[in-house]
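S.K.: Just so you know, the sequences run in chain order S and W. The first sequence begins at 405 in the working numbering and counts up by one. The second sequence begins at 405 in the working numbering and counts up by one. For each residue, glycine too, the CB sits at the ideal point set by N, CA and C. After the structure tokens below, expect a handful of questions from me.
Protein chains: 2
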Amino acid sequence: MPQPRRSPLTRERVLRAAVRLADKHGLDALSMRRLAASLKVEAMSLYNHVTNKDDVLDGMVDQIVGEITRPTPGGAWKAEMRVRATSARDVMLAHPWAAMLVVSRISVGPNMLGYIDATLGTLREAGFTWAETDRAWNAIDCYIYGYTLQLQNFPIDPAEYASAAAEYLPMLPADQYPYMHDLSSRVANGTHDGTHDFSFGLELILDALERMVASRGGGSQ
Amino acid sequence: MPQPRRSPLTRERVLRAAVRLADKHGLDALSMRRLAASLKVEAMSLYNHVTNKDDVLDGMVDQIVGEITRPTPGGAWKAEMRVRATSARDVMLAHPWAAMLVVSRISVGPNMLGYIDATLGTLREAGFTWAETDRAWNAIDCYIYGYTLQLQNFPIDPAEYASAAAEYLPMLPADQYPYMHDLSSRVANGTHDGTHDFSFGLELILDALERMVASRGGGSQ
DNA sequence: GGTGAAAGACATACAGTGTAAGCAATAGCT
DNA sequence: AGCTATTGCTTACACTGTATGTCTTTCACC
């Protein structure tokens with residue numbers, strides 16, 4: 405009598421379930437017991453496939469890093485960087501728990517390593533020295549993670565910036581916080597939309613980097 | 405008989421103790437019970453002075469934000485921004501738990517509001533439009549937080565980069581991760597120090613912003 | 001087909017978490 | 001002096017990650 409065997413528990417299945425659970429109910433809701441329950445299993449059974457909860461978190465990070473489109477070394481570096489940065493942001497916005505995990509632990513999964521290698525390679529092949537490549541990579545990543553975290557943790561939906569600004573305006577007296585008061589007024593009355601678009605800072609950095617290689621390329625050497 | 409009255413519990417004292425405890429033993433060690441114990445009091449007594457643990461965390465953030473030196477509107481904006489960015493980084497490195505908290509919650513304490521107001525004002529008075537001011541502020545902050553978080557969570561001390569790179573090199577085969585392999589080799593043999601200095605990315609952004617105002621200042625208007 | 005071994009799922013238990021509810025003692029004010 | 005509000009303490013609950021030990025199922029080999 406072939407009872408309906410449910411597919412066996414594997415590390416892959418556990419990690420996918422963890423990502424799904426965190427996507428749906430938030431990282432706080434991801435406990436070993438709940439994760440096990442979502443797989444119709446007891447909590448301790450998970451420990452046959454992952455070493456502990458940190459291992460789960462690491463695996464989750466590497467899994468979603470796999471969703472980021474990698475740049476291709478040798479290509480047009482600026483466009484490549486734009487694509488990979490935007491993709492990284494999109495992926496982390498799609499998995500709101502991800503950015504926090506990425507910055508709060510170091511991940512050395514295969515996806516992460518490949519992602520970093522492609523990024524370094526793209527910059528290096530574009531003519532940056534190794535020191536510049538290392539720092540440029542870091543600067544761009546800092547911006548990506550910083551931007552994503554700030555956007556995600558801002559509790560107001562962009563569609564409600566105007567009404568929220570109007571609501572909070574009384575808490576920002578003009579004599580005490582003149583500039584915030586001014587800015588909030590403009591957001592409230594629609595003069596300024598208050599959005600922080602990703603490309604502003606990204607292009608700032610990319611343009612500055614471009615000038616860096618260009619100045620050397622046009623120089624004596 | 406005047407028994408040695410210990411100073412009364414106040415919100416201020418609780419928050420200061422929380423900061424001290426987190427500084428010394430890490431944010432994970434900050435439980436309500438331990439926090440209470442450090443004040444020679446029981447856990448539930450704290451709830452007469454703070455509403456819950458989140459309130460404690462918010463208070464801690466605002467307290468250390470008070471340590472950041474604010475820029476002064478009307479001053480030389482680039483230098484002012486450099487000082488405030490560097491100061492913010494220093495403060496957050498001195499309180500390793502702070503960056504994570506700052507980005508994972510929105511804080512509306514008086515110190516935070518004043519800090520933001522000063523930053524916005526400095527940019528605005530420098531000739532940036534409100535839209536530019538808002539986005540420039542955001543871009544710089546993204547970099548500050550991103551940089552601090554990445555630096556803090558990197559598990560290797562800069563003094564040990566070379567030896568660590570040598571150790572991990574076998575895990576980065578040249579055929580699979582050519583660029584990481586190359587970079588790690590250079591760090592291992594001392595050709596490249598592997599440090600990500602804060603000013604690199606910061607000056608990238610500040611220079612780009614400067615070009616933004618300069619181009620308008622030198623234009624028709 | 002029978003047998004030994006390994007793997008995986010489970011049950012129990014422990015120390016720790018945030019905090020709700022109720023009680024006791026103190027302090028300040030009239 | 002007596003009332004009231006504040007503050008601290010005790011107990012309790014639901015929940016966390018995971019160490020430990022046991023039981024069942026599966027698989028390789030003769």
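Does K444 (chain W) come out as helix, strand or coil in the three-state DSSP assignment?
M.R.: coil
S.K.: Taking Cβ-Cβ distances shorter than 8 Å, what residues in chain W pair up with M448 (chain S)?
M.R.: Simply none; closest approach about 23 Å.
S.K.: Nearest to R488 (chain S) by CA position, among S:V465, S:S511, S:D545 and S:A563, is which residue?
M.R.: Its Cα nearest to that of R488 (chain S), the residue S:D545 stands out among S:V465, S:S511, S:D545 and S:A563.
S.K.: At what residues does the alpha helix (DSSP H) containing D462 (chain W) begin and finish?
M.R.: K457 to V469
S.K.: Leaving aside the five residues before and after A578 (chain S) along the sequence, list all residues of the same chain whose C-beta is less than 8 Å from its C-beta, in chain order.
M.R.: H585 and D586
S.K.: Short of 7 Å in beta carbon distance, which residues of its chain neighbour E484 (chain S), apart from the five on each side in sequence? Order them along the chain.
M.R.: P475, T476 and T526
S.K.: Can you name, in chain order, every residue of its own chain whose Cβ lies under 6 Å from the Cβ of A568 (chain W), other than the five neighbours on each side?
M.R.: I560
S.K.: Roughly how many angstroms lie between the CA atoms of G531 (chain S) and V617 (chain S), to the nearest whole one?
M.R.: Taking the straight line joining both Cα atoms gives about 7 Å.
S.K.: State yes or no: is the C-beta of G550 (chain S) within less than 8 Å of the C-beta of G550 (chain W)?
M.R.: yes
S.K.: Helix, strand or coil: which one does DSSP assign to R615 (chain S)?
M.R.: helix
S.K.: With burial defined as no fewer than 16 other Cβ atoms inside 10 Å of the residue's Cβ, what is the status of N542 (chain S): buried or exposed?
M.R.: Buried, by the Cβ-count rule.
S.K.: Are at least three pairs of beta-carbons, each pair with one atom in the segment 506-519 of chain S and one in the segment 510-522 of chain W, less than 8 Å apart?
M.R.: no
S.K.: If A492 (chain S) and I472 (chain S) are in contact, beta carbons under 8 Å, what's the gap, nearest whole angstrom?
M.R.: 5 Å
S.K.: Taking 8 Å as the cut-off, decide whether the C-beta atoms of A503 (chain S) and Q556 (chain S) are in contact.
M.R.: yes
S.K.: Would you give the residue range spanned by the alpha helix (DSSP H) that D601 (chain W) belongs to?
M.R.: Neither: D601 (chain W) is in no alpha helix (DSSP H) and is coded neither H nor E.
S.K.: Taking 8 Å as the CB-CB cut-off, is Q554 (chain W) touching chain S?
M.R.: yes
S.K.: I'd like the list of long-range same chain contacts for S624 (chain S), defined as Cβ closer than 6 Å, with 5 residues on each side in sequence excluded.
M.R.: Note that S624 (chain S) has pLDDT 43, beneath the 50 cutoff, so the model's placement of it is unreliable and the number below is only indicative. Result list for S624 (chain S): empty, nothing under 6 Å.
S.K.: Use the C-beta contact count for H429 (chain W): other C-beta atoms within 10 angstroms, 16 or more gives buried, fewer gives exposed.
M.R.: exposed
S.K.: So which residues of chain S does M584 (chain W) contact, with C-beta pairs closer than 7 Å?
M.R.: L517, I520, D521 and L524
S.K.: Residues in its own chain within less than 6 Å of G598 (chain W) by CB, not counting five upstream and five downstream?
M.R.: Y565 and V591
S.K.: Are any of the Cβ atoms in chain W nearer than 8 Å to that of D538 (chain S)?
M.R.: yes
S.K.: Could you tell me the boundaries of the alpha helix (DSSP H) in which W534 (chain S) lies?
M.R.: W534 to N557
S.K.: When the Cα atoms are used, what is the spatial distance from L524 (chain W) to G594 (chain W)?
M.R.: 42 Å
S.K.: Start and end of the alpha helix (DSSP H) containing E484 (chain S)?
M.R.: W481 to A498
S.K.: Quick check on F532 (chain W) - is its C-beta less than 8 Å from some C-beta in chain S?
M.R.: no
S.K.: Grab the span of the alpha helix (DSSP H) containing R528 (chain W) for me, first residue to last.
M.R.: P514 to E529
S.K.: How long is the line joining the alpha carbons of A401 (chain W) and N452 (chain W), rounded to whole angstroms?
M.R.: Residue 401 (chain W) is absent from the structure shown; chain W starts at 405 and stops at 625.
S.K.: Just the C-alpha distance for Q407 (chain S) and D427 (chain S), rounded to the nearest angstrom, thanks.
M.R.: Bear in mind that the predicted position of Q407 (chain S) carries a pLDDT of just 40, short of 50, making it too unreliable to give a figure here.
S.K.: Can you name the residues of chain S whose CB is closer than 7 Å to the CB of R620 (chain W)?
M.R.: Residues of chain S passing the Cβ test: none, with the nearest at roughly 15 Å.
S.K.: Below 8 Å on the Cβ atoms is my guess for L419 (chain S) versus G470 (chain S); work out the distance and round it to an integer in Å.
M.R.: At roughly 11 Å, the Cβ-Cβ gap does not stay under 8 Å, so L419 (chain S) and G470 (chain S) are not in contact.
S.K.: R417 (chain W) by DSSP, collapsed to three states: which one?
M.R.: helix
S.K.: Three-state secondary structure (DSSP) at A563 (chain S)?
M.R.: helix
S.K.: State the Cα-Cα distance for the pair H600 (chain W) and T552 (chain W), rounded to the nearest angstrom.
M.R.: 11 Å
S.K.: Can you tell me which of the three DSSP states D432 (chain S) falls into?
M.R.: helix
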